[in-house]
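J.: Here's a structure for you.
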Amino acid sequence: MENGRKHIMKHQKCLYKQKLLLYLIIQGFALSNIFTAEAQDGKPDEIKFPVLTSEEMLADFDSYIETVVNFSPQTPVRKAVTGIDPIAELKKMRSRISQIESTEEFAMLIQSAITVLQDGHSSLLWPKGYPPDELKELGISNEAIELFPSYYALRKSKQEQKKFNLKLKYIEGEYYSIAPFTHEGNRYEAGWRLTEINGHSAKVFIGDLYPYLTRMRWDYSNKRYYSEQFYKAFNLSPDQVMELKFADENGKVLAGEFKLDEELEYEQVDDEIKKVKKVEYFSNEQILYVRIPKMNLDHVDFYPTQIRSKASGKPLKKVIIDIRDNPGGTDNVWVKVLTAIINRPIDFELLLLANPSQEMKEAFPQDSESWESFHVPFLDNYEYAVFASGDRQIEPSDSSLNFDGKIYLLQNEGIYSSAGAMAAIGMLADNIFTVGQSTGWLLGRGINPIVFELPHSKILYRIEPVIDFQNAESAEDVYHDKVEIPVSLTIEQYLERSYHQGDVFGREFLFDRDPVFIKALKD
Numbered sequence: 189m190e191n192g193r194k195h196i197m198k199h200q201k202c203l204y205k206q207k208l209l210l211y212l213i214i215q216g217f218a219l220s221n222i223f224t225a226e227a228q229d230g231k232p233d234e235i236k237f238p239v240l241t242s243e244e245m246l247a248d249f250d251s252y253i254e255t256v257v258n259f260s261p262q263t264p265v266r267k268a269v270t271g272i273d274p275i276a277e278l279k280k281m282r283s284r285i286s287q288i289e290s291t292e293e294f295a296m297l298i299q300s301a302i303t304v305l306q307d308g309h310s311s312l313l314w315p316k317g318y319p320p321d322e323l324k325e326l327g328i329s330n331e332a333i334e335l336f337p338s339y340y341a342l343r344k345s346k347q348e349q350k351k352f353n354l355k356l357k358y359i360e361g362e363y364y365s366i367a368p369f370t371h372e373g374n375r376y377e378a379g380w381r382l383t384e385i386n387g388h389s390a391k392v393f394i395g396d397l398y399p400y401l402t403r404m405r406w407d408y409s410n411k412r413y414y415s416e417q418f419y420k421a422f423n424l425s426p427d428q429v430m431e432l433k434f435a436d437e438n439g440k441v442l443a444g445e446f447k448l449d450e451e452l453e454y455e456q457v458d459d460e461i462k463k464v465k466k467v468e469y470f471s472n473e474q475i476l477y478v479r480i481p482k483m484n485l486d487h488v489d490f491y492p493t494q495i496r497s498k499a500s501g502k503p504l505k506k507v508i509i510d511i512r513d514n515p516g517g518t519d520n521v522w523v524k525v526l527t528a529i530i531n532r533p534i535d536f537e538l539l540l541l542a543n544p545s546q547e548m549k550e551a552f553p554q555d556s557e558s559w560e561s562f563h564v565p566f567l568d569n570y571e572y573a574v575f576a577s578g579d580r581q582i583e584p585s586d587s588s589l590n591f592d593g594k595i596y597l598l599q600n601e602g603i604y605s606s607a608g609a610m611a612a613i614g615m616l617a618d619n620i621f622t623v624g625q626s627t628g629w630l631l632g633r634g635i636n637p638i639v640f641e642l643p644h645s646k647i648l649y650r651i652e653p654v655i656d657f658q659n660a661e662s663a664e665d666v667y668h669d670k671v672e673i674p675v676s677l678t679i680e681q682y683l684e685r686s687y688h689q690g691d692v693f694g695r696e697f698l699f700d701r702d703p704v705f706i707k708a709l710k711d
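When we follow the working numbering, the leftmost residue of the sequence shown carries the number 189, and every step to the right adds one.
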C-alpha cells in the first residue's frame with residue numbers, strides 16, 4: 189500500500205485546501221448515482237481493459253478494503269443501526285474473485301463492493317462529475333484517467349439493458365404500485381400491493397438485494413433495507429424472468445411474468461409542477477409560504493427578493509418552507525432564504541469525526557496535529573478523532589423580515605444533498621420545526637470525499653472521510669434523519685397528490701388536501 193499512500197498524500201495537497209472551505213452536505217448526494225450521469229463516449233465492446241491476474245485482482249480488492257478501514261468512519265455506525273457489518277460483507281465478497289475470469293467481471297464486483305457502504309458520497313466516479321483536469325490535480329494517473337470513461341460505459345451499459353420500469357412506493361413496510369399499466373392483457377391498477385417476487389415476500393426479497401443495489405434506504409421501524417427500484421440490482425440479469433404477484437384492495441391476487449429487458453408502458457404523468465418555485469403570502473392566515481424545488485444557484489437571489497416583496501411590513505404568524513423532493517444543489521440558496529426571514533442568529537455546533545488511522549493523519553498532516561481522541565460509548569467505545577469542531581452561526585441579513593415566530597420545514601424521503609443539510613440544521617434550530625418523512629439515509633455534514641484509484645485495474649472511487657456526530661446520543665442519532673413532526677402519507681393520499689390535475693403547491697390543495705402542510709398549519 190506504500191504507492192497508494194504516496195498517491196493519497198500527493199492529491200491531498202489539493203483536498204486540504206478544499207477542507208478549509210468546509211461546507212454542509214448530505215450523504216446520498218443525487219449525483220452520486222452513477223447511472224444518472226450523462227452518457228460518455230465509448231462502448232464496452234470497443235474497450236480494451238487491462239488484463240488482470242487473480243493475484244492482481246486480490247491486491248486491488250485488498251487495497252479497497254484497506255482504504256475503507258482506514259478512511260470510512262461510517263462502518264461502525266451502520267453496523268450498529270442495521271446489524272450488518274460492511275467490513276465483514278467485503279471480506280465475504282473477496283472470496284468470489286477465484287471465480288472471476290475477466291476484468292469486466294472484476295469491475296462489476298468492485299461496483300458491488302462500493303455499494304456495501306450504501307453511501308452516496310462513497311461511490312465509484314462518473315466522468316461528468318470528475319473532468320480529466322480535476323483528476324490530474326488530484327494526482328490520478330494518466331492510465332486511470334484514460335480508462336475512466338470506459339469503466340463508466342461498462343457499468344452504464346449493464347444497467348441500460350434493464351428497461352423494466354415498475355413504479356413503486358414503499359409505505360409503512362409495504363410496496364405499492366403507483367401507476368396503472370397493462371401487461372400481457374392484464375390490467376394492474378395504481379394502489380395495488382406488490383406481495384411476492386419469485387415466490388418470496390417482496391419486502392424480504394428486496395431487502396436481501398443488499399449489497400447489489402445502490403441508494404437503498406433503511407426502514408427504522410421494520411429494520412430492513414428497502415428500495416423502490418429493486419430491478420436495478422447488479423445481480424439481476426436483463427433476461428431474467430421475474431414472477432410478480434400483486435394484491436388489489438380486496439386481497440385478490442394477480443400474478444404475471446416480467447422480463448427485466450422489457451419496458452412497461454405508462455400513461456404520461458406531468459411532473460413539471462414539482463419544479464415550480466414560488467413565494468406566496470396568504471393574507472387571511474398571515475402565513476408566508478416558500479416553495480423551493482431545487483437549491484439552484486441561479487435562484488439564489490430570487491427567494492430573498494420575493495420574500496421581501498411579498499411579506500415585508502405585513503403581519504406574519506407563521507413561515508412554511510417546502511423542500512419536498514428537492515434534489516439539492518448549493519447551500520447558498522437555503523442559507524439566503526433563512527437569513528431573509530430570521531430575527532436572530534441560528535447557532536449550531538460542528539462536530540465532525542474521522543478515523544484516527546495513520547493513513548488519515550498523513551492525508552491531513554496539519555490538521556491531525558491537533559486532533560483529539562473521541563470515544564463513543566454507544567459504539568463499544570469506538571475511538572474516533574475530532575476532525576473539526578466549534579460553534580457556527582447563520583445570521584439574519586440587513587433586509588431580513590426579522591420574524592420571531594415558528595418556521596416549519598416540509599420534507600419527505602425525496603430530499604437530497606443540500607436540501608438534507610437544511611433539514612439537519614432545522615433539527616438543531618429551536619425556532620425551526622421539520623415536518624414530514626425521513627429519508628432512510630445517513631445524513632449530516634461533511635467535506636469533499638477523497639478520490640482513490642486501484643493499483644492494477646485503475647478503477648476510480650471515492651470515500652467520505654468524516655461523519656457528523658452533532659447531538660448524537662445513539663447510533664440512529666448519527667443518521668440525522670429524524671423528523672420532529674412526522675407525517676406519513678397513506679397510499680391513497682400519495683396517489684391523490686400524484687394524480688392531482690392542478691397545482692399541488694397551490695393554496696387550494698395545500699390547505700384542503702395536503703396532510704403535511706395541514707399538520708404545520710395546525711401545530
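Yeah, the Cβ is synthetic: ideal placement off N, Cα and C, and Gly gets one too.
All values derive from a computational prediction rather than experimental measurement.
(1) Helix or strand or just coil, what does DSSP make of L541?
(2) Would the beta-carbon of Y572 be found less than 7 angstroms away from any heavy atom of the ligand NAP?
(3) Should Q581 be labelled buried (16 or more other beta-carbon atoms within 10 Å of its own) or exposed?
(4) At the level of alpha carbons, what is the spacing between H388 and W406?
(5) Alpha carbon to alpha carbon, what distance is there between N531 and F237?
(6) In this structure, does DSSP put K506 in helix, strand or coil?
(7) Counting only the same chain and skipping the five closest in sequence on each side, list residues whose C-beta sits under 8 angstroms from that of K350.
(8) Do you know how far the Cα of V257 is from the Cα of L698?
(9) Taking all protein chains shown into account, decide if K357 is buried (16 or more other Cβ within 10 angstroms of its Cβ) or exposed.
(10) Below 8 angstroms, can you find three or more Cβ-Cβ pairs linking the segment 513-522 to the segment 544-556?
(11) With a cut-off of 8 angstroms on the beta carbons, I'd call V363 and R375 a contact; round off their distance for me.
(12) For E560, which of P368, E377, Y572, E550 has the nearest alpha-carbon?
(13) In or out: D702 buried (at least 16 other Cβ within 10 Å) or exposed?
(14) Grouping DSSP H, G and I as helix and E and B as strand, with all else coil, what is F336?
(15) Per DSSP, what are the beta-bridge partners of N659 in this structure?
(16) Using C-beta distances below 8 angstroms, list every residue in its chain close to Q428, excluding the 5 sequence neighbours before and after it, in chain order.
(17) So is A301 buried or exposed if we call it buried at 16+ other beta carbons inside 10 Å?
(18) Check whether the Cβ atoms of S310 and I651 sit closer than 8 angstroms, and answer yes or no.
(19) If you compare alpha carbons, which of D618, G632, H644, L616 is closest to S605?
(20) For Y340, is the classification buried or exposed, using 16 other Cβ atoms within 10 angstroms of its Cβ as the cut-off for buried?
(21) Classify F446 as helix, strand or coil using the three-state DSSP reduction.
(22) Short check: CB of L538 to CB of I655, under 8 angstroms?
(23) Who are the Cβ neighbours of T383 in its own chain at under 8 angstroms, not counting the five residues just before and after it?
(24) Going by other Cβ atoms of all chains shown within 10 Å of its Cβ, with 16 needed for buried, is Y687 buried or exposed?
(25) Spatial neighbours of G578 within its chain, please: CB distance less than 8 angstroms, with the 5 preceding and 5 following residues excluded, ordered by chain position.
(26) Identify whether N258 lies in helix, strand or coil by the three-state DSSP scheme.
(27) Have a look at the DSSP bridge pairing and note the partners of E384.
(28) Is the Cβ-Cβ distance between V669 and W629 less than 8 angstroms?
(29) According to the neighbour-count rule (16 or more other Cβ atoms, all chains shown, within 10 Å of its Cβ), is T622 buried or exposed?
(30) Taking 8 angstroms as the threshold (C-beta atoms), are K466 and Y596 in contact?
(31) If you drop the 5 nearest sequence neighbours on each side, which residues of the same chain put their C-beta closer than 8 angstroms to that of Y570?
(32) I need the DSSP call for V265, collapsed to helix, strand or coil.
(33) Need the endpoints of the beta strand (DSSP E) that A573 sits in, please.
(34) Out of curiosity, what's the CA-to-CA distance linking A528 and E331?
(35) Just to check my reading of the structure: F249 and R282 have Cβ atoms closer than 8 angstroms, yes? What is that Cβ distance to the nearest angstrom?
(36) Within this structure, are the beta carbons of L648 and L354 separated by less than 8 angstroms?
T.: The short version:
(1) strand
(2) This structure lacks the ligand NAP; in fact it carries no ligand of any kind.
(3) exposed
(4) 20 angstroms
(5) 59 angstroms
(6) strand
(7) Y419, K420, L424, P426, L448, D449
(8) 47 angstroms
(9) buried
(10) no
(11) A small correction: the amino acid at residue 363 is Tyr; Val does not occupy that position in the sequence shown. Actually they are not in contact, since the Cβ atoms of Y363 and R375 sit about 19 angstroms apart, beyond 8 angstroms.
(12) Y572
(13) buried
(14) helix
(15) For N659, which the question treats as bridged, DSSP gives no partner whatsoever.
(16) K447, L448
(17) buried
(18) yes
(19) G632
(20) buried
(21) strand
(22) no
(23) S389, A390, K433, F434, A435, V441
(24) exposed
(25) E537, L538
(26) helix
(27) S389, K433
(28) The sequence shown places Asp at residue 669, rather than the Val named in the question. Result yes, Cβ atoms of D669 and W629 sit closer than 8 angstroms.
(29) buried
(30) no
(31) P264, H563, V564
(32) helix
(33) 570-582
(34) 49 angstroms
(35) 5 angstroms
(36) no
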